[in-house]
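Taking this note's numbering, I'd label the letters of the sequence shown as residues 635 to 797.
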Amino acid sequence: MYEANATVIGTIVNHPVKRDLPNGERVLSFRMASNSRRLDRSTGEWVDNGTLFLTVNCWRRMAAGVDASLRRGDPVIAHGQLRSLEYRTRDGMDRRDLEMRASAVGPDLGRCTAHVTRSSEMRNTGERFGAESKVPVGDGLGENVATAPAALPGTTDPEHADA
């Protein structure tokens, strides 16, 4: 089995499927299609040049985030570890499938828009680093407020809180 990290840009082609495993973990899977296009210099038109299909598996918190955010037909960017699976169908046919264990999935903002709702863990970064300061997020009207650290431990400069 060969594994490599890759980023794939494409479209969700089925309704994502959630599964709760016996060990208590949650996984959400969806099929994704990535179309390759090229410019035909003789006609000046873009033509399809093949489609890559793969199954994307999202685990734990990412499963919940994808479930709340993405649907069939949505343009997405997925990054993660690829592997090729070989198996035999009930009919005795040998098959091969490409699968990704996603480390990041999100909407392709070049082809859609999105409204971001941060999870509670992301909002409370200040609790991990000490002092909190309220920082407006979004349009600044106050409905979205994130917590930002005043400074990292061992630093006194809030400007370098992300360093």
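Where a beta carbon is used, it is the ideal one built from N, C-alpha and C, also for glycine.
Buried or exposed for residue i, please, with buried defined as at least 16 other CB atoms from any protein chain shown within 10 angstroms of its CB.
i: A712; result: buried
i: M727; result: exposed
i: A640; result: exposed
i: P690; result: This sequence places Val at residue 690; Pro is not what is there. By the neighbour-count rule (16 or more Cβ atoms within 10 Å), V690 is buried.
i: G644; result: buried
i: A697; result: buried
i: V700; result: buried
Out of curiosity, what's the CA-to-CA distance linking residue i and residue j?
i: T677; j: D725; result: 44 Å
i: P650; j: R705; result: 7 Å
i: L662; j: R694; result: 8 Å
i: C692; j: S737; result: 8 Å
i: T759; j: T751; result: Annotation note: pLDDT 43 at T759 (below 50); position unreliable, coordinate value reported separately. Approximately 15 Å, taken between the alpha carbons.
How about residue i and residue j: are their beta carbons less than 9 Å apart?
i: L655; j: A667; result: no
i: R729; j: R722; result: yes
Would you mind reading off the limits of the beta strand (DSSP E) that contains residue i?
i: G684; result: E679 to W693
*Please confirm if the stretch 707-723 is in contact with the stretch 736-749, defined as three or more CB-CB distances below 8 Å between the two stretches.*
Touching, yes, given that three or more Cβ pairs across the two stretches are closer than 8 Å.
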